[in-house]
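Throughout the sequence shown, residue numbering follows the numbering used here, covering 21 to 174 in sequence.
Cβ atoms here follow ideal geometry from the backbone N, Cα and C, with glycine treated the same way.
Worksheet for the structure shown next.
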Amino acid sequence: MNNPEPGLQTLLFAFVEYRKCSLLVLRNCPGCTAIPKSMENFHMLVKFISSTSGQIMMFAPVARQILEILGKDCNARGVITSEQIPEAINLLRLAAADSRRQAEGITPSPSENRDGKDEASPVDLSQRAHPLIELLDWTHKDDGFVLWEAAKDF
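Set out below in structure tokens:
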């Protein structure tokens, strides 16, 4: 590994599996200078801001999945207009229902691991999309729009 310049702080990225949820661990790593390409956008947050109802944040991979369902480009900034909100709500509800059906088919009930503790079910799209669906619903009631912004395209 290359040694960074004095005072330059770099990050070591690692995945930690905990109850079937991948967590991103950030640590100072004096000897590491490169971030793996596959993890560049993993830690980036995307903020969804309603013109009438508040805001929510989610990690870029989840936001990408949701915006692709809506047929939107994953640019650093974008908008879901008041005219597009009803269709967006409908598309996300359909995708969430489909994800829930698939998750029930794969993991019908929590299983026990070696320690005798129940394992948590993986988080599916229906759970991840729910806050945005609610935000869109509240915004639609007040005839508003939703913007998203991130540090860069994702």
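Ordered along the chain, which non-local residues of its own chain (more than five positions away) have a Cβ less than 8 Å from that of residue i?
i, result
"L112", "I86, I89, L90, A149, L152, I153, L156"
"S73", "L155, W158, T159, D162, G164"
By DSSP, does residue i sit in helix, in strand, or in coil?
i, result
"S102", "coil"
"K7", "The first residue shown for the chain is 21 and the last is 174, placing residue 7 beyond what the model contains."
"A116", "helix"
"A96", "coil"
"L90", "coil"
"V143", "coil"
What does a CB cutoff of less than 7 Å around residue i pick up in its chain, not counting 5 residues either side in sequence?
i, result
"P106", "H160"
"R84", "C94, F174"
Take residue i and list the residues in its own chain whose beta-carbon comes closer than 6 Å to its own, dropping the five residues that flank it on each side.
i, result
"R97", "E169"
"L167", "I69, V99"
Please determine, among the options, the residue with the shortest C-alpha to C-alpha distance to residue i.
i, options, result
"E124", "D93, S146, G164", "S146"
"D144", "T101, D93, V82, I76", "V82"
"C94", "A80, E103, T101", "A80"
"S102", "M78, A171, S71", "S71"
Less than 8 Å between the CB atoms is what I'm expecting for residue i and residue j, so what's the real figure, rounded?
i, j, result
"K175", "M77", "Outside the displayed range of the chain (21 to 174) lies residue 175, so it cannot be described from this structure."
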